[in-house]
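Visitor: In the working numbering, the protein residues as written are 907 to 1161.
Quick one: structure below, then a few questions.
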Amino acid sequence: MSESPASAPVVYHLRPLQTGAHLYEVTCRIERPSPDGQRLSLPAWIPGSYLIRDYARQVVQLQAESGGEPVQSRKINKHTWRVAPVTGELLVRMTVYAADPSVRGAWLDDQLGFVNGVCVFLRVHGQEQAPSVVHIDPPDSPPNLSSSSGWRLSTGLQRLTGGQGEFGAFRASSYSDLIDQPVLMGQLTTVEFMAAGVPHALVLAGLPNPDRERLQADLARICTWHIDFFGRPAPMARYVFLARVSIEGYGGIEH
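Structural data, given as structure tokens:
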């Protein structure tokens, strides 16, 4: 089977489909799919949590189309699909169940949305080094979900459109980069600070009135120490901490 890298970006679109049912809709648009039939998969585990998680089991539905016409797809193992060959662009549409409140999964309800890329972004076999463009939408706002009008978004992905905290388009340099940048959405509080000349942000869900000055001072000291320990300059242009504040919550994953 010949699957070669393509320079055209893989384009994803993530949107909360039904907050009450914990469902996201994700599309994956591939400009140059493999002529032998495109393989797609979700990872079985996430770095930082070294157990098999089988994220594909949360896929409720997967459909493919090209030129507006349906294309046959079939699951060839527990986390991989194969789509029949097409002559033009390929669009894959997937519905994902997101009811895992842990730091290693995906979550969606009327108050909050959170995703690790391993849960929602398909790997396009043969195009892992291609850049990705990700469009992220807020949830719709029916009468019983009026709070979504105040939703904000935060991620470590490079922003292409919109201002800070806004939904919009983002970029990743490769598939590995894409799945290493979680996304948090909801009513968020952001605490900005500098460490070793690098902008940092702590983004909080569930804590609207934090002690900003204390957090800024403590985190700047901690982050500066770590950057100095490994050696300046820091290897990133910006760093974001995403935190869900909950009485029952615990744990974290490095990215």
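Don't be surprised by glycine CBs; every beta carbon is placed ideally from N, CA and C.
#1: If you pair each beta-carbon of the region 980–989 with each one of the region 954–967, do three or more pairs fall below 8 Å?
#2: Could you give the distance in angstroms between the alpha-carbon of V932 and the alpha-carbon of A1012?
#3: Report all residues from its chain with a CB closer than 6 Å to the CB of Q967; omit the five preceding and five following residues, and keep chain order.
#4: Relative to the C-alpha of Y1145, which candidate in P1105, L1094 and D1046 has its C-alpha closest?
#5: How is L1066 classed by DSSP in three states: helix, strand or coil?
#6: Could you have a look at P1048 and say whether DSSP puts it in helix, strand or coil?
#7: Taking DSSP as the reference, what is the three-state secondary structure of V1024?
#8: Do S1152 and G1112 have their beta-carbon atoms positioned less than 8 Å apart in this structure?
#9: In whole angstroms, give me the CA-to-CA distance for R999 and W1131.
#10: Distance, Cα to Cα, F1073 vs T1095?
#11: Per DSSP, what kind of secondary structure is T1130 in: helix, strand or coil?
#12: Name the one or two DSSP bridge partners that N1115 has.
#13: Quick check: what's the CA-CA separation for N983 versus I1133?
#14: Mapping DSSP to helix, strand and coil, what is I982?
#15: Does the beta-carbon distance from P949 to P1037 come in below 8 Å?
#16: Using the rule of at least 16 other Cβ atoms within 10 Å of the residue's Cβ for burial, across every protein chain shown, is I1085 buried or exposed?
#17: Per DSSP, P922 forms a beta bridge with which residues?
#18: Between L997 and S972, how many whole angstroms is the CB-CB distance? I'm expecting something under 8 Å.
#19: Within a Cβ cutoff of 7 Å, which residues of the same chain sit near P1116, ignoring the five residues on either side of it in sequence?
#20: Leaving out the 5 sequence neighbours to the left and right, which residues in its chain are closer than 6 Å to R921 when beta-carbon positions are compared?
#21: Does DSSP put L948 in a helix, in a strand, or in coil?
#22: For a test of your reading of the model: does the CB of E931 fall under 7 Å from any non-hydrogen atom of the ligand ZN? Yes or no.
#23: Less than 8 Å separating the beta-carbons of G1062 and Q1093?
Guide: Result, derived from the coordinates:
#1: The count of Cβ pairs closer than 8 Å, one atom from the region 980–989 and one from the region 954–967, reaches three, so the stretches are in contact.
#2: Taken atom to atom, the span from the alpha-carbon of V932 to that of A1012 is near 13 Å.
#3: Once the five neighbours on either side are set aside, the close Cβ partners of Q967 are T1001.
#4: Comparing Cα positions, the closest option is P1105.
#5: Coil at L1066, not helix or strand.
#6: With a pLDDT of 49 at P1048, under the threshold of 50, the modelled position of that residue is not reliable, and no figure is offered here.
#7: The three-state secondary structure of V1024, taken from DSSP, is helix.
#8: Contact: yes.
#9: C-alpha of R999 to C-alpha of W1131: approximately 44 Å in a straight line.
#10: Between F1073 and T1095, the C-alpha separation is close to 15 Å.
#11: In the structure shown, T1130 sits in a helix (DSSP, three-state: H, G or I).
#12: Paired residues: none, contrary to the question.
#13: Taking the CA atoms as reference points, N983 sits about 42 Å from I1133.
#14: I982 falls in the strand class under three-state DSSP.
#15: No; because the gap between Cβ atoms is not below 8 Å, this pair is not in contact.
#16: Result: buried.
#17: According to DSSP, P922 bridges with Y930.
#18: Confirmed, about 7 Å.
#19: Short of 7 Å from the beta carbon of P1116, and not among the five residues preceding or following it, lie these beta carbons of its own chain, in chain order: T1095, V1097 and L1110.
#20: Contacts found: E931 and D1043.
#21: DSSP places L948 in the coil class of the three-state scheme, outside both helix and strand.
#22: Of the ligands one can find in the structure shown there are none, so the ligand ZN has no counterpart to examine.
#23: With contacts defined by Cβ atoms closer than 8 Å, G1062 and Q1093 do not form a contacting pair.
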